[in-house]
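Below is one structure, written out as structure tokens; the observations come after it.
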Amino acid sequence: LEFTISTDVRTEKPNITTMMEFILLRFSDIPNFQWILLGIFLVLYLTIMMCNSVIVLIKRIDPTLQTPMYFFRNNFSIVEICYVTLTIPRMLTDLLRQKGDISSIACATQTCLVLLFGGLECLLLAVMVYDRYMAICNPLHYGLILSSQVCVQLVIASWVSGVPVVTGQTWQVFSLLFCVSTTINHFFCDLSLVFKLACGDAFTNETAVCGVAVVFIMVPFLLTVVSYGKNITNILKSPSSRGRAKAFSTCSSNLTVVVLFYVTASTTCLQPKQNPFEETGKLISLFYTVWIPKLNPIIFTLRKKHH
Numbered sequence: 110l111e112f113t114i115s116t117d118v119r120t121e122k123p124n125i126t127t128m129m130e131f132i133l134l135r136f137s138d139i140p141n142f143q144w145i146l147l148g149i150f151l152v153l154y155l156t157i158m159m160c161n162s163v164i165v166l167i168k169r170i171d172p173t174l175q176t177p178m179y180f181f182r183n184n185f186s187i188v189e190i191c192y193v194t195l196t197i198p199r200m201l202t203d204l205l206r207q208k209g210d211i212s213s214i215a216c217a218t219q220t221c222l223v224l225l226f227g228g229l230e231c232l233l234l235a236v237m238v239y240d241r242y243m244a245i246c247n248p249l250h251y252g253l254i255l256s257s258q259v260c261v262q263l264v265i266a267s268w269v270s271g272v273p274v275v276t277g278q279t280w281q282v283f284s285l286l287f288c289v290s291t292t293i294n295h296f297f298c299d300l301s302l303v304f305k306l307a308c309g310d311a312f313t314n315e316t317a318v319c320g321v322a323v324v325f326i327m328v329p330f331l332l333t334v335v336s337y338g339k340n341i342t343n344i345l346k347s348p349s350s351r352g353r354a355k356a357f358s359t360c361s362s363n364l365t366v367v368v369l370f371y372v373t374a375s376t377t378c379l380q381p382k383q384n385p386f387e388e389t390g391k392l393i394s395l396f397y398t399v400w401i402p403k404l405n406p407i408i409f410t411l412r413k414k415h416h
């Protein structure tokens, strides 16, 4: 009897700990539209890549755009290119193969990079807001404070700061035991849905992830709100109506991008753990992974044309 129990334990444990593959459901609930979706997302992806690449190229060749504001926007466009490349090509491949299997290593890598570039967007938006704050509230010292060296240091700090935290969080999550299901009702490896597949209580891990979200989302958001509050106050104090219009025009594109980003990000983060409307969450994810990266270059371009 003792020998039998020992054997059962040995055979159960590998079944729990050796899960090497997840299944992404993508849009399998609408099988008749798979090829249409493939065409739509391919066109959107190529558009996003082209628009952001044009912004990067123009910034390099146009001498009038060699300013801190366009330096930060150039980096933001590069991050957008990386961000959409993490999700859309994989989704296109799955739609083409009509299969959504993904290894645990590939899933963990995608999750890690999506979190990294998502956090990087938050930090770069905060840096861009700081740039507009200095330009409006301290214009006489703007060039001195935001020198080329300082701009490079701010971007490097934004790129590097999240790497150890996100890597640690991803390792912590994917070291959990997965024993219920391998199915993820999404088109990429979403961290919140990976949590639902874990055996036992993942409260500690979820608390740690929430803490990181507060640092990388809420802190930049609060800095953004304070900075724009001061910007608007200083703009309204300007005696020149033309000066006020020019200042508002300068801030309008950044503010639009910030609002779009944080509204969708907060909507996604505030979804309940037991969400009966997972398809809604998938649509929201489509908005911030596809539509916002497509809209951002248009918003920046319209502002430049108006200016």
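Residues 110 to 416 in the numbering used here are what the sequence shown spells out, letter by letter. Yeah, the Cβ is synthetic: ideal placement off N, Cα and C, and Gly gets one too.
In the DSSP assignment, the alpha helix (DSSP H) including residue i goes from what residue to what residue?
{"i": "Leu166", "result": "143–170"}
{"i": "Ile341", "result": "328–346"}
{"i": "Phe180", "result": "177–206"}
{"i": "Val259", "result": "257–270"}
{"i": "Ile254", "result": "251–254"}
{"i": "Val303", "result": "300–305"}
In whole angstroms, what is the alpha-carbon distance linking residue i and residue j?
{"i": "Asp326", "j": "Cys231", "result": "The amino acid occupying residue 326 in the given sequence is Ile; Asp does not appear at that position. Cα to Cα, Ile326 sits roughly 6 Å from Cys231."}
{"i": "Glu111", "j": "Leu286", "result": "Because the pLDDT at Glu111 is just 40, under 50, the model does not fix this residue reliably, and the value given afterwards should be weighed accordingly. If I take the Cα positions, the gap works out to 26 Å."}
{"i": "Val259", "j": "Ala217", "result": "34 Å"}
{"i": "Asp240", "j": "Val274", "result": "26 Å"}
{"i": "Cys160", "j": "Val372", "result": "23 Å"}
{"i": "Ser256", "j": "Leu133", "result": "46 Å"}
{"i": "Arg199", "j": "Ser347", "result": "50 Å"}
{"i": "Gln262", "j": "Ile197", "result": "31 Å"}
{"i": "Ser162", "j": "Arg182", "result": "12 Å"}
{"i": "Pro248", "j": "Val188", "result": "28 Å"}
{"i": "Val328", "j": "Val165", "result": "28 Å"}
{"i": "Phe386", "j": "Ile170", "result": "Caution applies to Phe386, whose pLDDT of 49 falls short of 50 and renders its modelled position unreliable; the model cannot decide the point."}
{"i": "Gly228", "j": "Leu205", "result": "30 Å"}
{"i": "Asn343", "j": "Ser336", "result": "11 Å"}
{"i": "Gly148", "j": "Tyr154", "result": "10 Å"}
{"i": "Ala307", "j": "Asn405", "result": "36 Å"}
{"i": "Leu392", "j": "Gln207", "result": "20 Å"}
{"i": "Gln219", "j": "Ser350", "result": "49 Å"}
{"i": "Gly320", "j": "Thr279", "result": "14 Å"}
{"i": "Val269", "j": "Leu345", "result": "37 Å"}
{"i": "Asn294", "j": "Ser394", "result": "12 Å"}
{"i": "His250", "j": "Ala244", "result": "8 Å"}
{"i": "Cys246", "j": "Thr365", "result": "20 Å"}
{"i": "Val318", "j": "Tyr242", "result": "30 Å"}
{"i": "Thr291", "j": "Val399", "result": "25 Å"}
{"i": "Asn314", "j": "Asp299", "result": "15 Å"}
{"i": "Val324", "j": "Leu146", "result": "36 Å"}
{"i": "Ile341", "j": "Cys221", "result": "37 Å"}
{"i": "Leu253", "j": "Ala322", "result": "33 Å"}
{"i": "Val223", "j": "Lys168", "result": "26 Å"}
{"i": "Ala354", "j": "Pro172", "result": "25 Å"}
{"i": "Leu151", "j": "Ala215", "result": "22 Å"}
Can you give the beta carbon distance from residue i to residue j, rounded, assuming they're within the 8 Å contact cut?
{"i": "Pro135", "j": "Asp210", "result": "Here residue 135 turns out to be Arg, not Pro, going by the sequence shown. Not quite, the Cβ-Cβ distance comes to about 11 Å (not below 8 Å), so this is no contact."}
{"i": "Val238", "j": "Asn184", "result": "In fact, because the Cβ distance is near 14 Å, the residues do not count as touching under 8 Å."}
{"i": "Gly277", "j": "Leu225", "result": "Wrong, their Cβ atoms sit about 12 Å apart, outside the cutoff."}
{"i": "Phe297", "j": "Ser213", "result": "Rounded, the Cβ-Cβ distance is 14 Å, inconsistent with contact."}
{"i": "Ile157", "j": "Lys339", "result": "Their Cβ separation, rounded to whole angstroms, is 33 Å, which puts Ile157 and Lys339 out of contact at 8 Å."}
{"i": "Val367", "j": "Leu201", "result": "Not confirmed; about 29 Å, so no contact."}
{"i": "Ile401", "j": "Leu369", "result": "5 Å"}
{"i": "Thr236", "j": "Ser267", "result": "Reading off the sequence shown, one finds Val at residue 236, where the question assumed Thr. With 8 Å as the limit, Val236 and Ser267 qualify as a contact, their Cβ atoms being about 6 Å apart."}
Please classify residue i: does DSSP put it in a helix, a strand, or coil?
{"i": "Phe283", "result": "helix"}
{"i": "Ser212", "result": "strand"}
{"i": "Val399", "result": "helix"}
{"i": "Thr292", "result": "strand"}
{"i": "Leu247", "result": "At residue 247 the sequence reads Asn, which differs from the Leu that was named. Looking at Asn247 - three-state DSSP - the assignment turns out to be coil, as it is neither helix nor strand."}
{"i": "Phe386", "result": "In this predicted model, Phe386 has a pLDDT of only 49, less than 50, meaning its place in the structure is not dependable enough to derive any value."}
{"i": "Ile139", "result": "coil"}
{"i": "Cys221", "result": "helix"}
{"i": "Cys308", "result": "coil"}
{"i": "Phe297", "result": "coil"}
{"i": "Leu110", "result": "Because the pLDDT at Leu110 is just 41, under 50, the model does not fix this residue reliably, and the value given afterwards should be weighed accordingly. In the structure shown, Leu110 sits in coil (DSSP, three-state: anything other than H, G, I, E or B)."}
Could you check where the beta strand (DSSP E) with residue i kicks off and where it finishes?
{"i": "Ile132", "result": "130–133"}
Cβ contact (3+ pairs, closer than 8 Å) linking the segment 173–182 and the segment 142–159: no
Validate contact between the segment 185–201 and the segment 329–344 using beta carbons, cut 8 Å, 3 pairs: no
Stretch pair the segment 296–304 + the segment 271–284: three plus CB contacts closer than 8 Å: yes
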